[in-house]
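In this note's numbering, the protein residues as written are 463 to 924. A short worksheet on the structure shown next.
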Amino acid sequence: MTYRNETVKKNPNAFNPAGSIYVSTRSALRRIPCQRGALLLNLIVGMVAVGLLGAGMIYFTTTSTYGELFANRQARAYYVAEAGGQLAIKLLNENKTSTTYLPPDGAYKLGSNGSDGEFSLTSTSDNTDPDMPRVKVISLGVVHKGTWLEAKKKITYKIPRSNPTAALDGTTDIFFDNGLNDVEDDPTWELVEGLNSNLTYKNGELLIKSSVKELVAVLAVQPEAVDLVTARTNSGELLSYEVQVKVKLDIEGNKGKFFAAGITFRMDTDRNHAYGVSFFRAIADNKDMPNWFADNFGTSFQTLRNGNSYIVLWEKSSSTGKYELIDYTLAQPYGFAVDSWTTFVLNLREECNPQPVSPEVCTGSRQNRIQIYAASSSVYPKGTINWSYASNTNFKLVTWNSGLSAIIDDTWTTGYWSTITAPYPEEVGIHAYYDQPSSNDQYFADFAMRGEGLGGSGGYQY
Numbered sequence: 463m464t465y466r467n468e469t470v471k472k473n474p475n476a477f478n479p480a481g482s483i484y485v486s487t488r489s490a491l492r493r494i495p496c497q498r499g500a501l502l503l504n505l506i507v508g509m510v511a512v513g514l515l516g517a518g519m520i521y522f523t524t525t526s527t528y529g530e531l532f533a534n535r536q537a538r539a540y541y542v543a544e545a546g547g548q549l550a551i552k553l554l555n556e557n558k559t560s561t562t563y564l565p566p567d568g569a570y571k572l573g574s575n576g577s578d579g580e581f582s583l584t585s586t587s588d589n590t591d592p593d594m595p596r597v598k599v600i601s602l603g604v605v606h607k608g609t610w611l612e613a614k615k616k617i618t619y620k621i622p623r624s625n626p627t628a629a630l631d632g633t634t635d636i637f638f639d640n641g642l643n644d645v646e647d648d649p650t651w652e653l654v655e656g657l658n659s660n661l662t663y664k665n666g667e668l669l670i671k672s673s674v675k676e677l678v679a680v681l682a683v684q685p686e687a688v689d690l691v692t693a694r695t696n697s698g699e700l701l702s703y704e705v706q707v708k709v710k711l712d713i714e715g716n717k718g719k720f721f722a723a724g725i726t727f728r729m730d731t732d733r734n735h736a737y738g739v740s741f742f743r744a745i746a747d748n749k750d751m752p753n754w755f756a757d758n759f760g761t762s763f764q765t766l767r768n769g770n771s772y773i774v775l776w777e778k779s780s781s782t783g784k785y786e787l788i789d790y791t792l793a794q795p796y797g798f799a800v801d802s803w804t805t806f807v808l809n810l811r812e813e814c815n816p817q818p819v820s821p822e823v824c825t826g827s828r829q830n831r832i833q834i835y836a837a838s839s840s841v842y843p844k845g846t847i848n849w850s851y852a853s854n855t856n857f858k859l860v861t862w863n864s865g866l867s868a869i870i871d872d873t874w875t876t877g878y879w880s881t882i883t884a885p886y887p888e889e890v891g892i893h894a895y896y897d898q899p900s901s902n903d904q905y906f907a908d909f910a911m912r913g914e915g916l917g918g919s920g921g922y923q924y
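Take a look at the structure:
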């Protein structure tokens, strides 16, 4: 690739870190002197240029196919949004002696009139932690705006005022996208089980169809979509994160005698292991028992075959290859209802004994600390995503049949990651099992994830 030094007439903030990218700003930076603003943006976008190159930068310099555009647009939107976060961090670092300074809100365009994308910033003070005041910055990156290829990524930064550069980099929310209409080309999701399922994205909802006798659909977040390897490296080779998704089951007639739908985690399809949390139901009668129940759910689930709806926590057994029950509880007290959106939140912490001190790595025994929260649609409707579940009374922390609210399990950890190379495990996904052909009877919405290890000390991003 050829790097050129070009400028745009009458645009003092223009620069060109790679190919034909230009940067211009609106009124939000008018208070920054022109030369200083140009240097600042040059530094910021230069920092994300490597990411853009890895996310299909060829588009900007050569004739590209629509397939290349389609496959990489989400990654480019992420890096455009990250440029906004980097700008905010640099501005806060230059003004860190101020207790009230906020990066200016506004829209910032890349390229001539935003032809190479744009991001918008909004900033507010966040004093929820009195020992470490932060600034909340929301950066929305957009590429191919106004076209059928348009993609957006919203990243929220919590940046400590006293040490703004601690918040460099982070993880990002993951959303369902129109690309799911063609899973083979989708850059975020991969259908790893139930390959005959038809997926449709509409009005913010993932709809699942299947014309065969019974529905099986297991989707995984592609390893390339989130840099969990870096997150783990930066966290002493421990991998901790939070995931949330809304689930809706549209059950009528004789449907829904058997179902399971929820979040899969510590997922490794190559090595055939995983955990999962599901809304689950199974009746006692074997007459209508679907094949997937006998094939995938072990004998430990027999005790729950009474027609009630449960929240179940399971692990995939290394000996049987089937899901085996870790713990369970009735679902209704946690907001679950048929034909209604119910939210699952997974809080997963990988722990080490002894705990490593950065930059040391875990050399002791590992275990997972698993907590599940749930909320009904009446208090947490579709289209709502936030991470205040631990202090939000609309969410309920699941207390299991064992009486525990935190499950400790060491069956599947990431200890073996240090001995493998790419491709790395998928790690996170969703699953849907249903006892009938599904004509948009199972839905997912508002999938989001945030993790530790990509934000520095005191700063984080989601």
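From the three backbone atoms N, C-alpha and C, an ideal C-beta is built for every residue, glycine too.
Item                                                                                                                                                                                    : Value
Assign Arg948 to buried or exposed, taking buried as 16 or more other Cβ atoms, counted over all protein chains shown, within 10 Å of its Cβ.                                           : Because residue 948 is not part of the residues shown, which for the chain are 463 to 924, the question remains open.
Would you kindly work out how many angstroms separate the C-alpha atoms of Asp757 and Pro885, rounded to a whole number?                                                                : 27 Å
Judging by CA-CA distance, which residue of Gly913, Met729 and Tyr570 is the nearest neighbour of Glu655?                                                                               : Met729
If you follow the alpha helix (DSSP H) that Asn758 is part of, which residue opens it and which one closes it?                                                                          : Asn753 to Asn758
Buried or exposed: Asp908, going by 16 or more other Cβ atoms within 10 Å of its Cβ?                                                                                                    : buried
Which runs of the beta strand (DSSP E) fall wholly inside the region 670-697 and span at least 3 residues, in chain order?                                                              : 677-683
Name the residue from Asp872, Thr561 and Ile713 whose alpha carbon lies nearest to the alpha carbon of Val800.                                                                          : Ile713
Arg596: buried (16+ other C-beta within 10 angstroms of its C-beta) or exposed?                                                                                                         : buried
Is it true that the region 867-881 meets the region 829-837, where meeting means three or more beta-carbon pairs spaced less than 8 Å apart?                                            : yes
Count the other CB atoms within 10 Å of the CB of Thr782; is the residue buried (16 or more) or exposed (fewer)?                                                                        : exposed
In the DSSP assignment, what residue or residues form a beta bridge with Leu787?                                                                                                        : Trp776
What three-state label does DSSP hand Glu934 in the structure shown?                                                                                                                    : Lying outside 463 to 924, the shown extent of the chain, residue 934 is not represented and no answer is given.
Going along the chain, which residues of its own chain have a beta-carbon closer than 6 Å to the beta-carbon of Phe857, five neighbours each way excluded?                              : Tyr835, Ala837 and Tyr851
Buried or exposed for Ala723, please, with buried defined as at least 16 other CB atoms from any protein chain shown within 10 angstroms of its CB.                                     : buried
What does a CB cutoff of less than 7 Å around Glu786 pick up in its chain, not counting 5 residues either side in sequence?                                                             : Gly760, Ser762, Trp776, Glu777 and Ser779
Comparing alpha-carbon positions, which option in Phe742, Lys558, Asp897 and Glu812 lies nearest Thr804?                                                                                : Phe742
Nearest to Thr609 by CA position, among Ile617, Asp588 and Gly576, is which residue?                                                                                                    : Gly576
At which residues does the beta strand (DSSP E) containing Pro622 begin and terminate?                                                                                                  : Ala613 to Pro622
Could you have a look at Arg733 and say whether DSSP puts it in helix, strand or coil?                                                                                                  : coil
DSSP on Leu515, reduced to helix/strand/coil?                                                                                                                                           : Unreliable placement is indicated for Leu515, whose pLDDT of 35 sits below 50; no coordinate value is reported for it.
Quick check on Ala799: does DSSP put it in helix, strand or coil?                                                                                                                       : coil
Please work out which residues of its chain come closer than 8 Å, Cβ to Cβ, to Trp588, disregarding the five sequence neighbours upstream and downstream, and give them in chain order. : The displayed chain sequence assigns Asp, not Trp, to residue 588. Around Asp588: Pro595, Arg596, Val597, Lys598 and Lys620.
Can you give the Cα-Cα distance for Gly891 and Ser771, rounded to whole angstroms?                                                                                                      : 22 Å
Helix, strand or coil: how does DSSP classify Phe720 here?                                                                                                                              : coil
With Val604 and Ala539 assumed to form a contact (beta carbons below 8 Å), what rounded beta-carbon distance in angstroms separates them?                                               : 6 Å
Confirm, please, whether the CB-CB distance from Gly573 to His606 is below 9 Å.                                                                                                         : no
Distance check for Gly769 and Lys616, CA to CA, integer angstroms please.                                                                                                               : 41 Å
How far does the beta strand (DSSP E) with Val599 in it extend, from its first residue to its last?                                                                                     : Arg596 to Val605
Which residue wins for smallest C-alpha separation from Ser864, given the options Gly845, Gly877, Asp789 and Leu810?                                                                    : Asp789
So, is Pro562 buried or exposed, given that buried needs 16 or more other C-beta atoms within 10 angstroms?                                                                             : This sequence places Thr at residue 562; Pro is not what is there. Under this definition Thr562 is an exposed residue.
Leaving out five residues on either side along the sequence, give the residues of the same chain with a beta carbon under 7 Å from the beta carbon of Trp754.                           : Glu676, Val678 and Tyr895
Alpha carbon to alpha carbon, how far is Glu686 from His735? Give it in angstroms, no decimals.                                                                                         : 20 Å
CB Gly547 to CB Tyr570, shorter than 9 Å?                                                                                                                                               : no
Within 10 Å of its beta-carbon, does Asn809 have 16 or more other beta-carbons around it, so buried, or fewer, so exposed?                                                              : buried
Taking the beta carbon of Tyr905 as the centre, do at least 16 other beta carbons fall within 10 Å, making it buried, or is it exposed?                                                 : buried
According to DSSP, simplified to helix, strand and coil, what is Ile834?                                                                                                                : strand
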